[in-house]
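**Student:**
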Amino acid sequence: MTGRRIVRALLAGGLLLPTLVAAGCGVRPSGVITGRSAVSGPAQGVGVYLIGQGELALVLRPAKVAPPLADVLALLAAGPEENERRQGLTSEVPAGLDPVTVTSAPDQSDGLTVRTTTTARALSENAVDQIVCTVADAAAQTGQTKSFVPVTIVGPDGARSPRRCPIG
Amino acid sequence: MTFWHRFAARVSGLRVRLLLAFALLGVTTTAVVASGSYIQARKVILQQAQDAAVVSLTDQLTKVYPIAQLPPTQDELDLLAQRLSDREGFAVVVYRDMRSQGSLTPDPLTAELRQEVGERHIAWQRVSLDGQPTLLIGTELMLDRSDGTSRPSGLQVYSVRSLLPEQQSIDRLATLAWLTGALSLALAVLLALLAARGVLRPVRDLGRAARRLGEGDLTTRLTVRGVDELADVARTFNDTAGTLERQVGELRRMESDARRFVADVSHELRTPLAAMTAVTDVLDEEADHLPGDAGRAARLVSQETQNLTQLVNDLIEVSRFDSGTARLALDDVDVAAAVTATLRIRGWADRVRAELPPGVVARLDPRRLDVIVANLVGNAFRHGAEPVSVRMSADPDWVTVEVADRGPGLDPEVLPHVFDRFYKADTARTRSEGSGLGLAISWENARLHRHGERRGTLVAGNGPGGGAIFTLRLPRDTTDAGGAR
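Residue numbers (the numbering used here), protein chains in the order written: chain A, 1 to 168; chain B, 1 to 485.
Now the structure itself:
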């Protein structure tokens, strides 16, 4: 009886110790620990959204002062530059987008309206996202509107429904 | 078996149990406390190191801004990585498919970290890189908008730094914890030994005293120390021993009084009996001339006087045994010759079948041997049936004499009491021809012969073919002439 009790106590002690040891000596690998949101800072230049590997990619082009919104869209319509093309960036916005005018939406929704001479309905999804993000971003950059305002593209063949930039 | 028992007794002994209990307690407590504080300290050390590294990285990253051109060229990535690297770690800058040169192969960045960084959070992870603990910190570089929100630039910065210094401090902690454990174990063992001594000494004293009491030393007492339970036990033991000593003393006094009384009475009876014997001798001679009843009466008186004399002599003998004054008169005796002489003197030589191998010499008291043999053979004739046989055998240590008869044997109920004084096998027979002390005296005589641990014995039993057998065994070389009982 006593012997069995001693054996049991010894077993308990013998199990406890290795368990604690197994809890780990030294520095053990961990899972991913998440902190606050990512580092952010100011950007210089004009931001244009191109397509890289099927996704929108921000491109910054050097500029001293922020150009008007229509000029930014003209930059977008001009397509990727040489070094950008070398890195596999493309654009689906047709060169015929230019000339465009950008105005505030007629309703009081803070939105923007982009008027173009090319057919608005024939634009691809990516092209629409490029235009929407570029113009919304540029407008937010200059303090003209808030981020993520809805943008309506109007062509000679009619208007597309208002759309917001999917990234941000 | 014996070894195992002794081992088990040792292991389950009080000392070992106390030792184990203390050691277990000490080790368990230390293990829990030490491991708890170890784990806590490790957590704090790592957390501080990680937080400091994250803060340092974010500080450095503020110097990267403003970002003027995207996408960056390979040179720009490399330059950025170089600027962010220091002696504590190096940086890897990733932009889409591009990554800064000089980064390690294989890729130290884990998929789950990259995913978390893709969610636009600062994230970090400890990994084992080439067996070394390493901290990975990653963040996306975001670009501010004027309204306070931000957009991702696609640039991701990862900092890879070794946690070896932290590992070393944690290892030092572990060593300290082990040392503490060993120290506490040693301390626990020491305390256990002290406690065991404190408890065990009174217990051992008690055990020794009880053994001495059991061996007959009724004056044994314990020193009572303290007021604990063990002291209570010691006090109770002392009281018990005291009572026992008083009562045994009383009994001994009463018994010795009774014995002295018997001895005195016997002695006092000797003188008148001697006179009576002298008278009855005369009566015996005259009995034949006396007519009828007078002659019978004279013979009866003579016979009873002889019996009385025998009884008184036996009583005196017994009182000598009881008072311890019986002494052996040792001599080298040819046992066969001695037994033959006994039989011849009593006139039994023709009636007894004797098997006595000659040449067996033993050192014993010949008078007492004669008393024993005569008593046994006489009893065999009186209570058993003929033929009576006397067989003697010997080995280097013992000489054995067996007296057997062909009578009805001894009743199993009688056997344990055969050697009691005045014991009558047949309760209806109130008077026997003997004094009732013969076998008791024989038994005492046998026991008087001793050599060291060997002691003479007289045993009664029944033979396989019926009839009683009395077996006398005496040590061949009795040395102890003392009459100690």
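We treat Cβ as the ideally placed atom computed from N, Cα and C, and that holds for glycine.
Report the residue ranges of all alpha helix (DSSP H) runs contained in full by the segment 326-392 of chain B; include only those spanning at least 4 residues, in chain order.
**Tutor:** List check, alpha helix (DSSP H) in window: 335-346 and 366-383.
**Student:** Could you name the residues that DSSP lists as bridge partners for residue 158/B?
**Tutor:** Counting from 1 along the second sequence, the entry for residue 158/B is found at position 158. 92/B and 138/B.
**Student:** Here's the rule: buried if 16 or more other CB atoms are within 10 angstroms of the residue's CB, otherwise exposed. What is residue 553/B?
**Tutor:** The structure shown does not extend to residue 553/B, since chain B is modelled only from 1 to 485, so the question has no answer here.
**Student:** According to DSSP, is residue 120/A part of a helix, a strand, or is it coil?
**Tutor:** Counting from 1 along the first sequence, the entry for residue 120/A is found at position 120. If DSSP states are grouped into helix, strand and coil, residue 120/A belongs with coil.
**Student:** If we define contact as Cβ-Cβ less than 8 Å, is residue 69/B a contact residue for chain A?
**Tutor:** What you label residue 69/B is simply residue 69 of the second sequence in a count that begins at 1. Yes, residue 69/B lies at the interface with chain A (some Cβ there is under 8 Å from its Cβ).
**Student:** Tell me the residue span of the beta strand (DSSP E) that contains residue 38/B.
**Tutor:** Reading the second sequence from its first residue, position 38 is the one you call residue 38/B. Not the beta strand (DSSP E): residue 38/B falls in the alpha helix (DSSP H), residues 14-62.
**Student:** Around the Cβ of residue 201/B, are there at least 16 other Cβ atoms within 10 angstroms (buried) or fewer (exposed)?
**Tutor:** Walking along the second sequence from the start, residue 201/B turns up at place 201. Exposed, since its Cβ has fewer than 16 Cβ neighbours within 10 Å.
**Student:** Quick one: which chain B residues come within Cβ less than 9 Å of residue 42/A?
**Tutor:** Here residue 42/A refers to the residue found at position 42 of the first sequence. Chain B residues near residue 42/A: 65, 66, 67, 143 and 144.
**Student:** Residue 8/A CB to nearest chain B CB: under 8 Å?
**Tutor:** Counting from one through the first sequence, the residue named residue 8/A turns up at place 8. Answer no: the Cβ-Cβ gap between residue 8/A and chain B never drops below 8 Å.
**Student:** When the cut-off is 8 Å and only beta carbons count, does residue 125/B lie next to chain A?
**Tutor:** Within the second sequence, the letter at position 125 stands for residue 125/B. Chain A, which has a Cβ nearer than 8 Å to the Cβ of residue 125/B, makes this yes.
**Student:** Starting from residue 57/A and walking both ways along the beta strand (DSSP E), at which residues does that stretch end?
**Tutor:** Taking the first sequence and counting its residues from 1, the one referred to as residue 57/A is at position 57. It spans 55-61 - the beta strand (DSSP E) in which residue 57/A sits, taken as one unbroken run.
**Student:** Any C-beta of chain B sitting closer than 8 Å to the C-beta of residue 58/A?
**Tutor:** Taking the first residue of the first sequence as position 1, residue 58/A is located at position 58. So, interface residue.
**Student:** What is the rounded straight-line gap between the Cα of residue 47/A and the Cα of residue 46/B?
**Tutor:** Locating residue 47/A in the first sequence gives position 47, where the first residue counts as 1. Locating residue 46/B in the second sequence gives position 46, where the first residue counts as 1. The alpha-carbon atoms of residue 47/A and residue 46/B are separated by roughly 40 Å.
**Student:** Between the Cα of residue 411/B and those of 466/B, 281/B and 444/B, spot the shortest distance and give me the residue it belongs to.
**Tutor:** The residue labelled residue 411/B in the question sits at position 411 within the second sequence. Ranking the options by Cα distance to residue 411/B, first place goes to 466/B.
**Student:** Could you check what DSSP says for residue 491/B in three-state terms: helix, strand or coil?
**Tutor:** The shown model of chain B, from 1 to 485, leaves out residue 491/B, and the question about it has no answer.
**Student:** With distance defined between alpha-carbon atoms, name the residue in 442/B, 366/B and 188/B nearest to residue 478/B.
**Tutor:** In the second sequence, the residue the question calls residue 478/B occupies position 478. Of all alpha-carbon atoms in 442/B, 366/B and 188/B, the one lying nearest the alpha-carbon of residue 478/B is that of 366/B.
**Student:** Can you name, in chain order, every residue of its own chain whose Cβ lies under 6 Å from the Cβ of residue 93/B, other than the five neighbours on each side?
**Tutor:** By 1-based counting over the second sequence, the position of residue 93/B is 93. Only 77, 80, 81, 100 and 157 meet the Cβ criterion.
**Student:** Alpha carbon to alpha carbon, what distance is there between residue 228/B and residue 422/B?
**Tutor:** Here residue 422/B refers to the residue found at position 422 of the second sequence. Here residue 228/B refers to the residue found at position 228 of the second sequence. Residue 422/B and residue 228/B: Cα-Cα distance of roughly 53 Å.
**Student:** Who are the neighbours of residue 153/B on chain A, taking C-beta pairs under 7 Å?
**Tutor:** Working through the second sequence from its first residue, we reach residue 153/B at position 153. Chain A residues near residue 153/B: 58.
**Student:** Tell whether a beta-carbon distance below 8 Å holds between residue 160/A and residue 120/A.
**Tutor:** Residue numbering aside, residue 160/A sits at position 160 when the first sequence is read from its first letter. Residue numbering aside, residue 120/A sits at position 120 when the first sequence is read from its first letter. Yes, Cβ-Cβ distance for residue 160/A and residue 120/A is below 8 Å.
**Student:** Note down the Cα distance separating residue 444/B from residue 333/B, rounded to an integer number of angstroms.
**Tutor:** Along the second sequence, one-based indexing puts residue 444/B at 444. Along the second sequence, one-based indexing puts residue 333/B at 333. Cα to Cα, the separation comes out at about 20 Å.
**Student:** Taking contact to mean 3 or more Cβ pairs, one atom from each stretch, closer than 8 Å, check whether the segment 179-190 of chain B and the segment 105-119 of chain B are in contact.
**Tutor:** Counting Cβ pairs under 8 Å, fewer than three are found: no touch.
**Student:** Please list the partners that residue 150/B has in chain A, where partner means a Cβ-to-Cβ separation under 7 Å.
**Tutor:** Your numbering for residue 150/B matches position 150 in the second sequence. Within chain A, the residues near residue 150/B are 40.
**Student:** Return the residue from the list 95/B, 247/B and 66/B that minimises the CA-CA distance to residue 75/B.
**Tutor:** Indexing the second sequence from 1 puts residue 75/B at position 75. If we check each option's Cα against that of residue 75/B, 95/B comes out closest.
**Student:** Cα separation between residue 474/B and residue 455/B?
**Tutor:** The residue given as residue 474/B occupies position 474 in the second sequence. The residue given as residue 455/B occupies position 455 in the second sequence. Residue 474/B and residue 455/B: Cα-Cα distance of roughly 7 Å.
**Student:** Report the three-state DSSP secondary structure of residue 286/B (helix, strand or coil).
**Tutor:** Looking up residue 286/B in the second sequence gives position 286. Helix.
**Student:** Got a sec, what are the start and stop residues for the alpha helix (DSSP H) residue 118/B sits in?
**Tutor:** The residue labelled residue 118/B in the question sits at position 118 within the second sequence. Taken as a continuous stretch (DSSP letters only), the alpha helix (DSSP H) holding residue 118/B covers 111-118.
**Student:** Taking the straight line between their C-alpha atoms, what separation do you get for residue 361/B and residue 476/B?
**Tutor:** Here residue 361/B corresponds to residue number 361 of the second sequence, with the count starting at 1. Here residue 476/B corresponds to residue number 476 of the second sequence, with the count starting at 1. One C-alpha to the other measures close to 8 Å.
**Student:** I'd like to confirm the pairing. Which residues does DSSP put opposite residue 321/B in its beta bridges?
**Tutor:** The residue given as residue 321/B occupies position 321 in the second sequence. Bridge partners of residue 321/B: none, in fact.
**Student:** So, is the C-beta of residue 83/A closer than 8 Å to a C-beta in chain B?
**Tutor:** Stepping through the first sequence from its first residue, residue 83/A is reached at position 83. True, the Cβ-Cβ gap to chain B drops below 8 Å.
**Student:** Are the Cβ atoms of residue 147/B and residue 104/A separated by less than 8 Å?
**Tutor:** Locating residue 147/B in the second sequence gives position 147, counting from the first residue. Locating residue 104/A in the first sequence gives position 104, counting from the first residue. Taking 8 Å as the Cβ cut-off, residue 147/B and residue 104/A do not qualify as a contacting pair.
**Student:** Residue 136/B and residue 113/B - do their beta-carbons sit closer together than 8 Å?
**Tutor:** Here the question's residue 113/B lines up with position 113 in the second sequence. Here the question's residue 136/B lines up with position 136 in the second sequence. Yes; because the gap between Cβ atoms is below 8 Å, this pair is in contact.
**Student:** Can you find a CB in chain A that lies within less than 8 Å of the CB of residue 128/B?
**Tutor:** Reading the second sequence from its first residue, position 128 is the one you call residue 128/B. Yes, residue 128/B counts as interfacial toward chain A.
**Student:** Classify residue 161/B as buried or exposed, calling it buried when 16 or more other Cβ atoms lie within 10 Å of its own Cβ.
**Tutor:** The residue you call residue 161/B lines up with position 161 of the second sequence. Label assigned to residue 161/B: buried.
**Student:** Where does residue 429/B sit, in a helix, a strand or coil, going by DSSP?
**Tutor:** Position 429 of the second sequence holds residue 429/B. The predicted position of residue 429/B is uncertain, since its pLDDT is 47 and thus under 50; a value taken from the coordinates is nonetheless stated next. Coil.
**Student:** List, in chain order, every chain A residue whose beta-carbon is nearer than 9 Å to that of residue 121/B.
**Tutor:** Your numbering for residue 121/B matches position 121 in the second sequence. The contacting residues are 34, 35, 36, 37 and 38.
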